[in-house]
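Structure, as structure tokens:
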Amino acid sequence: MNMKNVLLIALSSLFMLSCNNGTKTKDTANEQASSHNHDSTSQSNALKIALDGGTKWIVNEEMKPFVLAGEDLVKHYQSENNTDYKSLAEKLKLQNNGLIKSCTMSGKSHDELHKWLHPHLELVTKLEKAENEKDSNAIISQLLESYKTYHEYFQ
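As numbered in mature numbering (1 follows the signal peptide of the UniProt record, and there is no 0), residues -21 to -1, 1 to 134 make up the sequence shown, in order.
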């Protein structure tokens, strides 16, 4: 097992524990996400997310504003034909940090949300590291798909 995989497992475990306990950590989601880089996308993991007996999972009210604000940031960026993708990545990181810090979910709904969240965090990290506008545009399209996936499985 290479160092990248060990780090991913350790950080994912830490993230899940802090979220399950409802604790507020000073570690940011993006520090965790930026410490690893994988090629999985929200689309590939969407196949693994399961509905709750045919209905969408309920996300805690205190978490929803962070998801919706992140989605609005991406949509606004795209509609304005913005090119400052580094700034967008920073703003998305802030929303993701708030989402993680506000997590009080547990059980199956929590587990299913993580199936969406981990690839989503990786996309934001990829956007932050993008080297040109062409690459960033492809990642932004993936982020929009990620938010679409969120709405398919969560309410």
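Cβ coordinates follow ideal geometry from the N, Cα and C atoms, glycine included.
*Measure the C-alpha to C-alpha separation of A29 and Q74 and round it to an integer number of angstroms.*
Numbered from its first residue, the sequence shown carries residue 29 at position 50. Numbered from its first residue, the sequence shown carries residue 74 at position 95. C-alpha separation (whole angstroms): 25 Å.
*Leaving aside the five residues before and after Q134 along the sequence, list all residues of the same chain whose C-beta is less than 8 Å from its C-beta, in chain order.*
Looking up residue 134 in the sequence shown gives position 155. Once the five neighbours on either side are set aside, the close Cβ partners of Q134 are K35, W36, I37, V38.
_Nearest neighbour of D51, chosen from E131, D63, L67, E40 [CA to CA]_ = Position 72 of the sequence shown, counting from 1, holds the residue named residue 51. When only C-alpha atoms are compared, the closest one is L67.
*Consult DSSP for L122 and reduce its assignment to one of helix, strand or coil.*
Here residue 122 is taken as the residue at index 143 of the sequence shown, counted from 1. Looking at L122 - three-state DSSP - the assignment turns out to be helix.
*From G86, F45, Y132, S85, residue whose alpha carbon lies closest to that of K70*: As a working note, residue 70 is residue 91 in the sequence shown. That would be F45, whose Cα lies nearest to the Cα of K70.
*Helix, strand or coil for D63 per DSSP?*
Residue numbering aside, residue 63 sits at position 84 when the sequence shown is read from its first letter. In this structure, D63 counts as coil in the three-state DSSP scheme.
*Which stretch, first to last residue, makes up the alpha helix (DSSP H) that contains L30?*
Start at 1 with the first residue of the sequence shown, and residue 30 comes out as number 51. Segment: none, L30 is in no alpha helix (DSSP H) and carries neither H nor E.
*asked:* Per the DSSP calculation, F133 is bridged to which residue(s)?
replied: Looking up residue 133 in the sequence shown gives position 154. F133 is bridged to W36.
*Among G32, K43, H130, K127, the one whose alpha carbon lies nearest that of M84*: Reading the sequence shown from its first residue, position 105 is the one you call residue 84. Of the listed residues, the one whose Cα sits closest to M84 is K43.
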